[in-house]
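Below is one structure; the comments refer to it alone.
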Amino acid sequence: MKRRSYLRTAGVGAAALLAGCSAEPVDTETDPATDTSTDTATGTSVGTTEGTPTLRVGTYTSFIDAPSTSPGEWVKEQFEAEHDATLEWFAPDGGIDYFLQRRNQGVTVDTDLFAGLTPENMVRADDNLEDGDSLFDAVDPSAISNADHIVDDYQFDPQGRAFPMGAAYISLVYNQNMLDERGVSGPETFEDLTTDDYSDALLIPNPQNSETGLEFLFWTINEYGEDGYLDYWQRLLDNGARILEGWGAAYGAYSEGEAPAVVSYSTDQVFADMSGADMAEHQIGFLNGEGYAYLEAMARFSDTDRPELAESFMSFMLRPEIQAEVAQRNVALPAVDNAELPESFDELTPEPETVVSFDYDRLSGNVDTWLDEWSRQVASQ
Numbered sequence: 000m001k002r003r004s005y006l007r008t009a010g011v012g013a014a015a016l017l018a019g020c021s022a023e024p025v026d027t028e029t030d031p032a033t034d035t036s037t038d039t040a041t042g043t044s045v046g047t048t049e050g051t052p053t054l055r056v057g058t059y060t061s062f063i064d065a066p067s068t069s070p071g072e073w074v075k076e077q078f079e080a081e082h083d084a085t086l087e088w089f090a091p092d093g094g095i096d097y098f099l100q101r102r103n104q105g106v107t108v109d110t111d112l113f114a115g116l117t118p119e120n121m122v123r124a125d126d127n128l129e130d131g132d133s134l135f136d137a138v139d140p141s142a143i144s145n146a147d148h149i150v151d152d153y154q155f156d157p158q159g160r161a162f163p164m165g166a167a168y169i170s171l172v173y174n175q176n177m178l179d180e181r182g183v184s185g186p187e188t189f190e191d192l193t194t195d196d197y198s199d200a201l202l203i204p205n206p207q208n209s210e211t212g213l214e215f216l217f218w219t220i221n222e223y224g225e226d227g228y229l230d231y232w233q234r235l236l237d238n239g240a241r242i243l244e245g246w247g248a249a250y251g252a253y254s255e256g257e258a259p260a261v262v263s264y265s266t267d268q269v270f271a272d273m274s275g276a277d278m279a280e281h282q283i284g285f286l287n288g289e290g291y292a293y294l295e296a297m298a299r300f301s302d303t304d305r306p307e308l309a310e311s312f313m314s315f316m317l318r319p320e321i322q323a324e325v326a327q328r329n330v331a332l333p334a335v336d337n338a339e340l341p342e343s344f345d346e347l348t349p350e351p352e353t354v355v356s357f358d359y360d361r362l363s364g365n366v367d368t369w370l371d372e373w374s375r376q377v378a379s380q
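Residue 21 in numbering that gives the first Met the number 0 sits at position 22 of the sequence shown, with consecutive numbering throughout.
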């Protein structure tokens, strides 16, 4: 995978890059296309302004309401300042499965675009719909500004429906202060995590509820094969690894000192630096020198009645200065190679020697199978 796919600017923050830009930013989280703010079991919504078109964008909760930092509010205000439209965020419980269920029930998804789509999201949606049907439609790249600067290795949809918007690497984050008490350094291999030195040391987000945990599962399949990964997970559990409900629960427990290591992201030090944290508590561990590529994209729902406005949003999100700001607010890597970021960002986002990633064909037909196998053997304990 191509390295350092963005430009660096010494001593200039992304906010400063927006000086002179006609757009200004803000946001809110939002739900369905309603005219009043609601808080429902399926998501969060924000009111809209009558007389202007509304673009409803599905996403994941932390993009608009993270306990640390999130870009949603900023993106909303910036987009609305430039366009005669209201941006309404919608973060349903169940994520992409919410939209998939509605499509299978023959009900409109009532949303125009999804931001934060992963390769496994796309594959699972395709695998669980009738042949010829798709939640998303293809978009002509020539209609999307700056699309030619998307990092090639971040592209994952062979049908041209998904436009990458950000990336990171799944890795370990570990607390060296806690490991010092054990007299050990950070784990370097998958096998290290099964040894006495790292007993009761690892927190893992549940792959059933978390993209982070699911991609860690893929990473172990890459390492041990389909015949060996379940045995590896058993050895992790036998050594005291704990599986928590999701990434938030796992990272929260890690932050409280419940264990010295957690499956998380290689960009962790970006936020740690923002908050003035002790960097010894935010060390990055690439097992076997590897990191699993976490990719996020935007895709337009095939039944939207605002296709042009959805394209305008995609173009907006891929502009270099927007990519730079969102990367820092979302604690992720930009998806384009011409976003300018401060040198400090580069220093806080290490990259693995080897990038692991399952492409669309490798995931197709396998995601549900692997997860079901894992659930039967691991989650049932």
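Note that beta-carbon positions come from the ideal geometry of N, C-alpha and C, so glycine has one too. What you are looking at is a predicted structure, and each value in this text was computed from that prediction instead of being measured.
Residue environment for Ser170: buried (at least 16 other C-beta atoms within 10 angstroms of its C-beta). Judged by DSSP in its simplified three-state form, Asp302 adopts coil rather than helix or strand. Positions of the alpha helix (DSSP H) runs, each at least 4 residues long and wholly inside the stretch 331-362, are given as 342-346, 359-362 in order along the chain. Counting other Cβ atoms within 10 Å of its Cβ, Asp304 stays below 16 and is therefore classed as exposed. Under the DSSP assignment, Arg241 falls in the beta strand (DSSP E) whose first and last residues are 241-243. The alpha carbon of Ser311 has as its nearest neighbour, out of Leu112, Gln233, Asp152, the alpha carbon of Leu112. Taken in chain order, the unbroken stretches of alpha helix (DSSP H) that lie wholly in the stretch 259-313 and span 4 residues or more are 267-273.
Of the candidates Leu370, Phe78, Thr53, Leu370 places its Cα closest to the Cα of Glu225.
The shortest C-alpha to C-alpha distance from Glu346 to any of Thr211, Glu81, Met177, Val269 is the one to Val269. Beyond the five residues adjoining it in sequence on each side, Gln322 comes within less than 6 Å, by CB distance, of Pro333, Val335, Ala338 in the same chain, given in chain order. Counting C-beta pairs with one atom in each stretch, the stretch 277-290 and the stretch 131-146 have fewer than three that are closer than 8 Å, which means they do not touch. Note on geometry: alpha-carbon atoms of His82 and Ser61 lie some 24 Å from one another. CA-to-CA, the gap between Pro91 and Thr353 works out to about 34 Å. Taking the Cα of Arg299 as reference, the smallest distance to any Cα among Ala331, Glu190, Thr58, Asn174 is reached at Thr58. Taking C-beta atoms under 8 Å as the contact rule, Leu202 and Arg241 qualify, at a distance of about 5 Å.
Each residue's CA atom was taken as its position, placing Asn174 and Pro341 some 26 Å apart. Boundaries cannot be given for Thr51, as no beta strand (DSSP E) includes it and DSSP labels it neither H nor E. Less than 8 Å divides the Cβ of Pro70 from the Cβ of Arg328. Residue environment for Asp237: exposed (fewer than 16 other C-beta atoms within 10 angstroms of its C-beta). Spatial neighbours of Leu308 in its own chain (CB-CB distance under 8 Å, excluding positions within 5 residues in sequence) are listed in chain order as Pro52, Leu54, His82, Ala84, Asp111. Shortest Cα-Cα distance from Gly115 to any of Val366, Ala331, Pro349 involves Ala331. At the C-beta level, Leu134 and Ser301 come within 8 Å of one another.
Thr107 and Arg101 have their C-alpha atoms spaced approximately 7 Å apart.
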